[in-house]
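Residue numbers (UniProt numbering): 1 to 502. Step one of this worksheet: look at the structure below.
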Ligand SMILES: Cc1cc2nc3c(=O)[nH]c(=O)nc-3n(C[C@H](O)[C@H](O)[C@H](O)COP(=O)(O)OP(=O)(O)OC[C@H]3O[C@@H](n4cnc5c(N)ncnc54)[C@H](O)[C@@H]3O)c2cc1C
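Okay, here's the thing in structure tokens:
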């Protein structure tokens with residue numbers, strides 16, 4: 001039996017990112033996946049601004065973008081209505097990076113760094129006790145057992161771990177099923193871009209994937225079809241005819257799958273030593289990259305906290321903040337994708353009132369504050385965690401803003417100061433007033449004196465490893481914030497330098 005700190009079940013984007021974060025923070029994860037190789041099907045195709053920033057916090061964005069030619073997108077959409085991402089100041093708009101590229105990149109880094117990413121390992125059982133979890137998997141070499149202190153269930157929408165634990169996945173079942181396919185098309189309509197509506201609620205979206213291959217999504221009225229039911233060429237031909245008439249001919253299908261608009265979310269993201277991330281925790285209509293981006297956000301939120309528990313410094317309650325912070329984000333994504341599905345008439349109802357609803361929303365989005373709210377939701381830049389002090393300081397609970405700083409005479413991007421994956425005490429004071437505290441947590445945070453290149457309304461800020469501000473100088477008690485997020489101070493130093501703290 002192999003023993004590691006954390007067993008991650010599932011080598012999709014969320015599981016791989018969680019493992020990467022754990023590794024950076026010095027914990028030892030192992031990733032298990034049923035599939036012999038990565039899923040080749042084209043799925044999500046965008047990383048939003050906040051995800052791009054999170055990759056950038058780790059120095060991973062540039063290397064990821066260097067693996068291909070991924071266009072930047074400054075105008076996104078909500079239910080097909082334009083959303084201007086530029087209303088949020090960030091260096092990073094969205095990038096059109098296919099999900100498979102993210103997986104390939106992360107898996108190569110993990111494997112290159114010696115992290116076990118074991119394929120052909122289907123997890124069939126798990127038990128938890130006071131000290132850890134034991135997982136049983138069926139693999140190439142028969143039945144194997146793995147032991148870890150914690151388990152991260154990143155095993156997708158049909159999560160085996162959820163089922164083993166007998167957990168509900170409340171929400172609603174799919175009302176319509178669409179087909180997404182990688183196709184070769186011919187005919188005058190085969191180079192059309194985007195959404196096209198046909199007769200009686202049928203619609204199609206197509207866009208180029210690679211040379212000659214086009215991604216096609218088709219749907220229409222009718223009851224939900226089981227997701228496992230095989231997609232046939234005849235069915236795709238009928239769907240194309242209903243939208244394009246004779247203008248598009250199906251020449252071939254490379255891959256096809258069904259997706260539906262089920263909307264479900266697990267009630268508790270943490271069950272003892274088990275944590276649910278990504279699609280294992282929330283499923284919804286896969287629109288505009290919301291699934292992948294939310295899963296990656298889960299991974300960044302959980303990774304450092306779990307590593308803190310592995311190292312023994314996580315304060316009481318830190319692991320529970322994973323649920324309290326990420327469950328509302330997931331619920332918001334369900335609400336936004338359900339609303340989009342309705343406004344886009346995903347189910348093909350041909351409801352005559354929809355154009356009026358879309359028109360009103362388009363008008364609302366002309367109000368700058370409404371556009372900012374919408375862009376904040378779609379890009380993830382508007383996420384604000386409920387962190388003590390948020391009521392007093394608008395920076396607290398938000399992501400660290402993008403700005404440049406000078407440190408020891410050199411110009412840096414503040415975001416790059418998080419490459420280490422540790423906490424950051426960014427100190428603009430040119431004094432030693434924060435140093436006594438900083439020294440006591442020096443094994444968990446970097447204390448950096450910096451001169452900001454723009455007007456940042458604080459003399460210092462404490463930033464969590466995932467880039468969220470959890471204290472500013474306006475809030476007084478730095479020691480409390482450090483204890484809340486980074487645990488008790490280093491005992492040896494307290495005894496030696498600050499006996500009064502004991
Ligand atoms: C056909 C298709 C098209 C999609 N298109 C879009 C899109 O256009 N836009 C969008 O935003 N999203 C899209 N999605 C959704 C998006 O792909 C998911 O949100 C995303 O993959 C979630 O990542 P994840 O890592 O949480 O889970 P997954 O990517 O599902 O990864 C889960 C992993 O767990 C493994 N696993 C499962 N059970 C076990 C087990 N018992 N033991 C070991 N391993 C196990 C699986 O093999 C899999 O590799 C699409 C999904 C599909 C299927």
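Think of the CB as a built atom: it goes at the ideal place given N, C-alpha and C, for glycine as much as any other residue. Model, not experiment: these values are computed from the prediction.
What do you reckon, is the C-beta of residue i under 7 Å from a heavy atom of ligand 1?
i, result
"residue 287", "yes"
"residue 344", "no"
"residue 7", "no"
"residue 132", "no"
"residue 102", "no"
"residue 99", "yes"
"residue 121", "yes"
"residue 32", "yes"
"residue 411", "no"
"residue 29", "no"
"residue 205", "no"
"residue 259", "yes"
"residue 110", "no"
"residue 43", "yes"
"residue 265", "no"
"residue 13", "yes"
"residue 156", "yes"
Quick one, which of the options has its alpha-carbon nearest residue i's?
i, options, result
"residue 174", "488, 226, 56 and 213", "226"
"residue 291", "329, 310 and 270", "329"
"residue 169", "71, 381, 282 and 218", "282"
"residue 197", "354, 242 and 252", "242"
"residue 207", "201, 200, 221 and 189", "189"
"residue 52", "121, 296 and 432", "296"
"residue 549", "81, 397 and 310", "Past the edges of the chain, shown from 1 to 502, lies residue 549, and the structure says nothing about it."
"residue 427", "449, 414, 413 and 412", "449"
"residue 223", "467, 346 and 461", "346"
"residue 309", "463, 289 and 274", "274"
"residue 298", "246, 286, 452 and 270", "270"
"residue 405", "385, 453 and 465", "453"
"residue 99", "40, 390 and 256", "40"
"residue 289", "61, 63, 102 and 482", "102"
"residue 161", "127, 368 and 183", "127"
"residue 54", "143, 237, 233 and 300", "300"
"residue 60", "74, 11, 12 and 110", "110"
"residue 307", "402, 469, 465 and 408", "465"
"residue 131", "3, 122 and 359", "3"
"residue 393", "463, 407, 350 and 473", "473"
"residue 276", "423, 187, 149 and 322", "322"
"residue 532", "447, 249 and 9", "There is no way to answer for residue 532, as the model of the chain reaches only from 1 to 502."
Assuming residue i and residue j make a contact with CB atoms under 8 Å, what is their CB distance in whole Å?
i, j, result
"residue 5", "residue 28", "5 Å"
"residue 279", "residue 156", "5 Å"
"residue 25", "residue 304", "5 Å"
"residue 118", "residue 20", "So it is not a contact: roughly 16 Å between Cβ atoms."
"residue 252", "residue 184", "4 Å"
"residue 177", "residue 258", "5 Å"
"residue 375", "residue 384", "In fact, because the Cβ distance is near 14 Å, the residues do not count as touching under 8 Å."
"residue 182", "residue 215", "6 Å"
Can a CB atom of chain D be found closer than 8 Å to the CB of residue i?
i, result
"residue 4", "Considering every chain present, this structure includes no chain D. It has just one protein chain."
**Prompt:** Looking at C-beta atoms only, is the number of pairs between the region 254-263 and the region 135-153 that lie closer than 8 Å three or more?
**Reply:** In short, these stretches do not touch, since the Cβ pair count stays below three.
**Asked** Which ranges would you report for the alpha helix (DSSP H) in the region 425-461 if only whole runs of at least 4 residues count?
**Response** Complete alpha helix (DSSP H) runs here, min 4: 435-440.
**Prompt:** Taking contact to mean at least 3 C-beta pairs separated by less than 8 Å, is the region 84-101 in contact with the region 113-121?
**Reply:** The region 84-101 vs the region 113-121: no contact.
**Item:** Cβ contact check for the region 40-53 and the region 428-448: 3 or more pairs under 8 Å
**Value:** With a cut-off of 8 Å, the region 428-448 and the region 40-53 do not count as touching, because too few Cβ pairs lie within range.
**Item:** Stretch pair the region 31-40 + the region 63-79: three plus CB contacts closer than 8 Å
**Value:** Contact fails: fewer than three Cβ-Cβ distances are below 8 Å.
**Item:** Start-end ranges of the beta strand (DSSP E) lying completely within the region 53-86, minimum 3 residues
**Value:** Listed in chain order, the beta strand (DSSP E) elements of length 3 or more contained wholly in the region 53-86 are 75-78 and 81-84.
**Asked** Is there contact between the region 72-83 and the region 333-353, where contact requires at least three CB pairs shorter than 8 Å?
**Response** Remark: three or more beta-carbon pairs, one from each stretch, lie closer than 8 Å, so the region 72-83 and the region 333-353 are flagged as touching.
**Message:** In chain order, what are the residue ranges of uninterrupted beta strand (DSSP E) at least 3 long that sit wholly in the region 381-408?
**Reply:** As far as the region 381-408 is concerned, its whole beta strand (DSSP E) runs of at least 3 residues are 404-407.
**4 or more residues per run - each alpha helix (DSSP H) lying fully within the region 96-136** = If we require 4 residues or more, the alpha helix (DSSP H) runs fully inside the region 96-136 come out as 99-112.
**Request:** Can you check the region 178-215 for any alpha helix (DSSP H) of at least 4 residues that lies completely inside it and give the ranges in chain order?
**Result:** Within the region 178-215, no run of alpha helix (DSSP H) reaches 4 residues while sitting entirely inside it.
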